[in-house]
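Visitor: Structure below; questions to follow.
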Amino acid sequence: MDVREGRQDEPGGRVWDVRTQPGKEPKASGRKAVEAGSGDEAAVLAAMQSLGTAETKGIISAAAKRSGKQVGTALEAMIASGKVRKCRIAKGTRPYDGFELVEGVVHAT
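Structure representation (structure tokens):
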């Protein structure tokens with residue numbers, strides 16, 4: 090549902106413009122979000138390939154030039170599709186959660 094209230098100082102006074110659509114019809118903004126998500130996956134894939142080794146989400150995020158939320162969403166989708174797997178990596182003496190590309194999988198988005 091979209092509601093436009095208008096403003097009190099508009100000619101003709103305040104307006105209430107309400108539009109609804111069935112829940113089965115995806116909104117254009119929803120389609121754009123899905124398309125943007127595939128762009129995020131491509132950026133994450135390119136970043137992981139350029140890094141060449143398992144890395145943390147933060148490092149992947151910086152390399153992909155995407156926010157942590159965008160990278161997290163892309164990584165979860167890539168894990169679900171079998172392109173990426175979670176792993177543990179060591180930096181210095183501390184272990185961290187990391188992500189690595191699955192070998193033998195064609196990595197095209």
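For the sequence shown, the residue numbers in our numbering are 90 to 198.
Glycine included, each C-beta is placed from N, C-alpha and C at the ideal position.
Just the C-alpha distance for Lys-172 and Ala-153, rounded to the nearest angstrom, thanks.
Guide: 16 angstroms
Visitor: In this structure, what does DSSP give as the bridge partners for Leu-190?
Guide: Val-173
Visitor: Here's a check: name, in chain order, each residue in its chain whose Cβ is nearer than 6 angstroms to the Cβ of Ala-132, leaving out the five neighbours to either side.
Guide: Ala-153, Arg-155
Visitor: Taking buried to mean at least 16 other C-beta atoms within 10 Å of its own C-beta, is Ser-150 buried or exposed?
Guide: buried
Visitor: Based on Cα-Cα distance, which residue from Ala-136, Thr-145, Gly-141, Pro-111 lies nearest to Glu-186?
Guide: For the sequence presented, residue 186 should be read as Asp rather than Glu. Checking every option, the nearest Cα to that of Asp-186 belongs to Thr-145.
Visitor: Just mark Gln-138 as buried or exposed, buried being the case when its beta carbon has 16 or more other beta carbons within 10 Å.
Guide: With fewer than 16 Cβ atoms within 10 Å of its Cβ, Gln-138 is classed as exposed.
Visitor: For Arg-174 and Ile-168, I'd like the C-alpha separation in whole angstroms.
Guide: 6 angstroms
Visitor: Given this structure, state the Cα-to-Cα distance separating Gln-159 from Phe-188, to the nearest angstrom.
Guide: 15 angstroms
Visitor: Taking Cβ to Cβ, would you say Ala-166 is nearer than 8 angstroms to Glu-192?
Guide: no
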